[in-house]
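In terms of my numbering, the sequence shown is residues 31 to 303.
Glycine is no exception: its CB is placed at the ideal position from the N, C-alpha and C atoms.
Quick notes on the structure that follows.
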Amino acid sequence: MKLNLQGRPAYAYTGGKRFDATLPVVVFIHGALHDHSVWTLLARYFAHHGRGVLAVDLPGHGRSAGPALDDVEALGDWINALLDTAGVTADRAVSLVGHSMGSLIALEAAARRPARIARLAMVGTAWPMKVSDALLATSRERPRAAMAMVNAFSHATTAGKPSYPGPGAWLHGGNLALMERMQDGYGERGNLFEHDFLVCDRYQGAPQAAATLTAAGVRTELILGAKDAMTPPKAAKQLAELLGARVQTLPAGHSLMTEAPEGMLNALKAALG
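Structural data, given as C-alpha coordinates:
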(Lines of atoms letter the chains of each structure in order from A and count residues from 1; the text may use other names and numbers.)
(Lines give C-alpha, C1' and ligand atoms only; values in the text may rest on other atoms or scores of the structure.)
Protein backbone atom coordinates (compact mmCIF):
# COMPACT_ATOMS: atom_id res chain seq x y z
CA MET A 1 0.00 0.00 0.00
CA LYS A 2 1.50 3.31 -1.11
CA LEU A 3 0.68 6.50 0.74
CA ASN A 4 1.63 10.14 0.40
CA LEU A 5 2.63 11.07 3.91
CA GLN A 6 3.74 14.57 4.78
CA GLY A 7 4.68 15.11 1.12
CA ARG A 8 6.81 11.94 0.87
CA PRO A 9 6.03 8.42 -0.37
CA ALA A 10 5.40 5.89 2.39
CA TYR A 11 4.82 2.15 2.12
CA ALA A 12 3.00 -0.42 4.23
CA TYR A 13 2.59 -4.11 3.46
CA THR A 14 -1.01 -5.21 4.00
CA GLY A 15 -0.54 -8.96 4.38
CA GLY A 16 -1.82 -10.02 0.98
CA LYS A 17 -5.29 -8.49 1.53
CA ARG A 18 -6.58 -5.06 0.59
CA PHE A 19 -6.40 -2.80 3.63
CA ASP A 20 -9.80 -2.16 5.22
CA ALA A 21 -9.77 0.69 7.73
CA THR A 22 -13.15 -0.38 9.15
CA LEU A 23 -11.64 -3.57 10.62
CA PRO A 24 -9.65 -3.73 13.86
CA VAL A 25 -6.21 -2.54 12.74
CA VAL A 26 -2.79 -3.99 13.53
CA VAL A 27 0.33 -1.91 12.80
CA PHE A 28 3.69 -3.70 12.67
CA ILE A 29 6.83 -1.58 13.20
CA HIS A 30 10.26 -2.97 12.35
CA GLY A 31 13.59 -2.43 14.09
CA ALA A 32 16.94 -0.97 13.12
CA LEU A 33 18.10 -1.54 9.52
CA HIS A 34 15.02 -3.64 8.79
CA ASP A 35 11.83 -3.16 6.80
CA HIS A 36 8.29 -4.57 6.65
CA SER A 37 9.51 -7.97 5.43
CA VAL A 38 10.43 -9.13 8.95
CA TRP A 39 6.69 -9.36 9.67
CA THR A 40 5.55 -11.39 6.64
CA LEU A 41 4.18 -14.45 8.48
CA LEU A 42 2.46 -12.45 11.20
CA ALA A 43 1.11 -9.81 8.83
CA ARG A 44 -0.39 -12.44 6.54
CA TYR A 45 -1.98 -14.33 9.42
CA PHE A 46 -3.76 -11.32 10.88
CA ALA A 47 -4.76 -9.95 7.47
CA HIS A 48 -6.48 -13.26 6.73
CA HIS A 49 -8.14 -13.44 10.13
CA GLY A 50 -10.25 -10.31 10.28
CA ARG A 51 -7.72 -7.52 10.77
CA GLY A 52 -6.63 -4.57 8.71
CA VAL A 53 -2.83 -4.82 8.57
CA LEU A 54 -0.19 -2.15 8.03
CA ALA A 55 3.39 -3.45 8.24
CA VAL A 56 5.25 -0.22 7.67
CA ASP A 57 8.58 0.74 6.15
CA LEU A 58 9.81 3.56 8.37
CA PRO A 59 11.11 6.72 6.63
CA GLY A 60 14.39 6.03 4.86
CA HIS A 61 13.87 2.26 5.06
CA GLY A 62 12.66 -0.05 2.31
CA ARG A 63 10.11 1.63 0.06
CA SER A 64 9.42 4.68 2.26
CA ALA A 65 11.28 7.81 1.21
CA GLY A 66 13.87 9.39 3.44
CA PRO A 67 15.31 11.08 5.23
CA ALA A 68 15.15 8.89 8.31
CA LEU A 69 13.60 10.71 11.26
CA ASP A 70 15.84 11.76 14.11
CA ASP A 71 14.16 10.34 17.20
CA VAL A 72 11.53 8.01 18.63
CA GLU A 73 9.16 10.89 19.29
CA ALA A 74 9.11 12.01 15.65
CA LEU A 75 8.66 8.42 14.52
CA GLY A 76 5.74 7.98 16.92
CA ASP A 77 4.07 11.01 15.35
CA TRP A 78 4.80 9.54 11.89
CA ILE A 79 2.99 6.30 12.80
CA ASN A 80 -0.09 8.23 13.89
CA ALA A 81 0.03 10.36 10.76
CA LEU A 82 0.21 7.19 8.67
CA LEU A 83 -2.89 5.83 10.39
CA ASP A 84 -4.74 9.08 9.72
CA THR A 85 -3.66 9.07 6.07
CA ALA A 86 -4.77 5.45 5.68
CA GLY A 87 -8.25 6.44 6.82
CA VAL A 88 -8.16 4.92 10.30
CA THR A 89 -10.57 7.04 12.31
CA ALA A 90 -10.29 7.76 16.03
CA ASP A 91 -13.07 5.29 16.88
CA ARG A 92 -11.28 2.27 15.32
CA ALA A 93 -9.44 -0.14 17.60
CA VAL A 94 -5.72 -0.12 16.78
CA SER A 95 -3.06 -2.53 18.05
CA LEU A 96 0.60 -1.60 17.72
CA VAL A 97 3.32 -4.25 17.47
CA GLY A 98 6.97 -3.22 17.43
CA HIS A 99 10.28 -5.09 17.41
CA SER A 100 13.41 -3.68 19.07
CA MET A 101 13.70 -0.03 17.92
CA GLY A 102 10.18 -0.43 16.61
CA SER A 103 8.93 -1.35 20.08
CA LEU A 104 10.00 2.06 21.40
CA ILE A 105 8.30 3.74 18.44
CA ALA A 106 5.12 1.76 19.14
CA LEU A 107 5.25 2.79 22.80
CA GLU A 108 5.62 6.46 21.92
CA ALA A 109 2.97 6.36 19.19
CA ALA A 110 0.52 4.74 21.61
CA ALA A 111 1.22 7.29 24.33
CA ARG A 112 0.63 10.19 21.94
CA ARG A 113 -2.84 8.91 20.94
CA PRO A 114 -3.87 6.52 23.77
CA ALA A 115 -7.59 6.78 23.06
CA ARG A 116 -7.16 4.97 19.75
CA ILE A 117 -5.02 2.11 21.13
CA ALA A 118 -6.53 -1.28 21.94
CA ARG A 119 -3.32 -3.27 22.56
CA LEU A 120 0.43 -2.70 22.56
CA ALA A 121 2.90 -5.55 22.00
CA MET A 122 6.62 -4.87 22.43
CA VAL A 123 8.85 -7.59 20.96
CA GLY A 124 12.55 -8.02 21.74
CA THR A 125 12.44 -4.85 23.79
CA ALA A 126 14.20 -3.13 26.67
CA TRP A 127 14.46 0.28 28.28
CA PRO A 128 16.82 2.03 28.46
CA MET A 129 17.86 0.59 25.09
CA LYS A 130 21.46 1.70 25.44
CA VAL A 131 24.06 0.86 22.81
CA SER A 132 27.66 0.37 23.88
CA ASP A 133 30.19 3.05 22.98
CA ALA A 134 32.26 0.39 21.21
CA LEU A 135 29.36 -0.67 18.97
CA LEU A 136 28.42 2.94 18.20
CA ALA A 137 32.02 3.71 17.26
CA THR A 138 32.23 0.64 15.04
CA SER A 139 28.90 1.48 13.40
CA ARG A 140 30.26 4.94 12.58
CA GLU A 141 33.74 3.92 11.41
CA ARG A 142 33.23 0.38 10.05
CA PRO A 143 29.50 -0.20 9.53
CA ARG A 144 29.94 -3.52 7.73
CA ALA A 145 31.87 -4.92 10.68
CA ALA A 146 29.25 -3.58 13.08
CA MET A 147 26.46 -5.21 11.06
CA ALA A 148 28.24 -8.55 11.31
CA MET A 149 28.53 -8.09 15.08
CA VAL A 150 24.86 -7.23 15.51
CA ASN A 151 23.83 -10.07 13.22
CA ALA A 152 25.77 -12.56 15.36
CA PHE A 153 24.29 -11.15 18.57
CA SER A 154 20.74 -11.27 17.15
CA HIS A 155 20.54 -15.01 16.59
CA ALA A 156 20.67 -17.96 18.95
CA THR A 157 20.36 -20.45 16.06
CA THR A 158 21.61 -20.63 12.48
CA ALA A 159 18.69 -22.15 10.58
CA GLY A 160 14.95 -21.65 10.41
CA LYS A 161 12.42 -24.11 11.79
CA PRO A 162 10.41 -26.16 9.26
CA SER A 163 7.53 -23.70 9.01
CA TYR A 164 9.03 -20.26 8.36
CA PRO A 165 10.86 -18.80 6.54
CA GLY A 166 11.54 -22.33 5.26
CA PRO A 167 13.25 -25.56 6.25
CA GLY A 168 16.92 -24.86 6.95
CA ALA A 169 16.80 -21.22 5.83
CA TRP A 170 20.05 -19.49 6.77
CA LEU A 171 18.85 -16.92 9.28
CA HIS A 172 22.22 -15.17 9.66
CA GLY A 173 22.64 -14.74 5.91
CA GLY A 174 19.12 -13.52 5.30
CA ASN A 175 19.21 -10.96 8.08
CA LEU A 176 22.63 -9.65 7.11
CA ALA A 177 21.52 -9.26 3.49
CA LEU A 178 18.49 -7.25 4.64
CA MET A 179 20.65 -4.96 6.79
CA GLU A 180 23.12 -4.40 3.97
CA ARG A 181 20.28 -3.58 1.56
CA MET A 182 18.86 -0.98 3.95
CA GLN A 183 22.31 0.58 4.50
CA ASP A 184 23.17 0.66 0.80
CA GLY A 185 19.72 1.97 -0.13
CA TYR A 186 20.17 4.99 2.10
CA GLY A 187 23.22 5.88 0.04
CA GLU A 188 24.59 9.39 0.15
CA ARG A 189 22.11 10.56 2.77
CA GLY A 190 24.28 9.11 5.52
CA ASN A 191 24.94 6.11 7.74
CA LEU A 192 21.54 4.55 8.45
CA PHE A 193 23.06 1.92 10.73
CA GLU A 194 24.53 4.49 13.12
CA HIS A 195 21.39 6.62 12.87
CA ASP A 196 19.06 3.82 13.95
CA PHE A 197 21.22 2.79 16.89
CA LEU A 198 21.45 6.40 18.06
CA VAL A 199 17.64 6.62 17.93
CA CYS A 200 17.46 3.66 20.34
CA ASP A 201 20.27 4.91 22.57
CA ARG A 202 18.88 8.43 23.05
CA TYR A 203 15.27 7.62 23.88
CA GLN A 204 14.37 8.73 27.40
CA GLY A 205 10.59 9.00 27.20
CA ALA A 206 9.51 5.56 28.40
CA PRO A 207 8.47 6.50 31.96
CA GLN A 208 6.19 9.30 30.80
CA ALA A 209 4.78 7.19 27.96
CA ALA A 210 4.15 4.28 30.32
CA ALA A 211 2.37 6.53 32.81
CA THR A 212 0.08 7.81 30.06
CA LEU A 213 -0.79 4.32 28.86
CA THR A 214 -1.41 2.85 32.30
CA ALA A 215 -3.66 5.80 33.15
CA ALA A 216 -5.59 5.12 29.93
CA GLY A 217 -5.88 1.40 30.73
CA VAL A 218 -4.03 0.25 27.60
CA ARG A 219 -3.07 -3.41 27.88
CA THR A 220 0.60 -4.04 27.09
CA GLU A 221 2.48 -7.27 26.47
CA LEU A 222 6.23 -7.86 26.23
CA ILE A 223 7.37 -10.80 24.08
CA LEU A 224 11.01 -11.58 24.79
CA GLY A 225 13.65 -14.05 23.68
CA ALA A 226 15.15 -16.09 26.50
CA LYS A 227 18.49 -16.21 24.65
CA ASP A 228 18.42 -12.61 23.43
CA ALA A 229 21.90 -11.06 23.63
CA MET A 230 20.80 -7.67 22.21
CA THR A 231 17.92 -6.93 24.60
CA PRO A 232 18.14 -9.65 27.27
CA PRO A 233 14.99 -10.28 29.34
CA LYS A 234 16.55 -8.76 32.47
CA ALA A 235 16.93 -5.47 30.58
CA ALA A 236 13.14 -5.34 30.06
CA LYS A 237 12.27 -5.72 33.75
CA GLN A 238 12.03 -1.98 34.43
CA LEU A 239 9.90 -1.44 31.34
CA ALA A 240 7.53 -4.26 32.30
CA GLU A 241 7.12 -2.74 35.76
CA LEU A 242 6.49 0.75 34.39
CA LEU A 243 3.77 -0.58 32.07
CA GLY A 244 2.33 -3.23 34.37
CA ALA A 245 2.82 -5.49 31.36
CA ARG A 246 2.42 -9.22 31.02
CA VAL A 247 5.62 -10.88 29.81
CA GLN A 248 5.91 -13.90 27.51
CA THR A 249 9.35 -15.43 26.97
CA LEU A 250 10.15 -17.61 23.96
CA PRO A 251 13.12 -19.94 23.32
CA ALA A 252 14.84 -17.60 20.87
CA GLY A 253 17.36 -14.81 20.48
CA HIS A 254 16.62 -11.26 19.37
CA SER A 255 15.27 -12.38 16.00
CA LEU A 256 12.12 -13.94 17.46
CA MET A 257 10.05 -13.77 14.27
CA THR A 258 12.32 -16.17 12.39
CA GLU A 259 13.80 -18.20 15.24
CA ALA A 260 10.50 -19.03 16.94
CA PRO A 261 7.82 -18.45 14.28
CA GLU A 262 5.05 -20.62 15.74
CA GLY A 263 5.71 -19.43 19.28
CA MET A 264 5.81 -15.83 18.14
CA LEU A 265 2.52 -16.17 16.27
CA ASN A 266 0.82 -17.82 19.24
CA ALA A 267 2.21 -15.23 21.64
CA LEU A 268 0.93 -12.39 19.47
CA LYS A 269 -2.49 -14.00 19.05
CA ALA A 270 -2.74 -14.12 22.85
CA ALA A 271 -1.47 -10.56 23.22
CA LEU A 272 -3.90 -9.03 20.73
CA GLY A 273 -6.90 -11.03 21.86
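- If you look at G82, you'll find it in the beta strand (DSSP E) that goes 82-87.
- For R232, the enclosing alpha helix (DSSP H) has its first and last residue at 222-232.
- Taken in chain order, the complete alpha helix (DSSP H) segments of 4 or more residues contained in the segment 190-277 are 201-216, 222-232, 236-246, 267-273.
- At a Cβ-Cβ threshold of 8 Å, V83 and A73 count as neighbours.
- Counting the other CB atoms within 10 Å of its CB gives S133 a total of 16 or more, which places it among the buried residues.
- A contact is defined here as three or more CB-CB pairs under 8 Å, and the segment 142-153 fails this definition with respect to the segment 165-176.
- Take E224, set aside five residues on each side of it, and the residues of its chain with a beta-carbon closer than 6 Å to its own are S169, R170, in chain order.
- Residues L137, A140, A141, P144, I147, L150, T250, L273 of the same chain have their beta carbon placed closer than 8 Å to that of L243, with the five preceding and five following residues left out of the count.
- DSSP places R170 in no beta strand (DSSP E) but in the uninterrupted alpha helix (DSSP H) bounded by 163-171.
- Pairing T155 with T261 gives a Cβ-Cβ distance under 8 Å.
- In the DSSP assignment, the residues bridged to G128 are I59, M152.
- For L99, there is no enclosing alpha helix (DSSP H), as DSSP marks it with neither H nor E.
- For R146, DSSP assigns no beta-bridge partner whatsoever.
- Distance from the CA of M179 to the CA of L63, rounded to the nearest whole angstrom, comes to 14 Å.
- Within the same chain, and ignoring the five residues on either side of M31 in sequence, the residues whose Cβ sits closer than 6 Å to its Cβ are A42, T44, F49.
- Per DSSP, the continuous alpha helix (DSSP H) segment holding A297 begins and ends at 291-302.
- Per DSSP, L33 lies in no alpha helix (DSSP H); the unbroken beta strand (DSSP E) holding it starts and ends at 32-35.
- In this structure, A40 places its C-beta atom within 8 Å of the C-beta atom of L112.
- DSSP, read as helix, strand or coil, puts A123 in coil.
- Annotation: the continuous beta strand (DSSP E) that includes R38 extends over 38-43.
- In this structure Y233 touches M159 by the C-beta definition: roughly 7 Å separates them, less than 8 Å.
- Between P281 and A259, the alpha-carbon positions lie close to 12 Å from each other.
- Per DSSP, T288 has no beta-bridge partner at all.
- Under DSSP, L280 forms a beta bridge with G255.
- Annotation for L53: no alpha helix (DSSP H) segment contains it, and DSSP assigns it neither H nor E.
- Straight through space, the alpha carbons of P197 and G303 are spaced by roughly 29 Å.
- About 5 Å separates the beta carbons of G96 and R219, which is inside the 8 Å limit, making them a contact pair.
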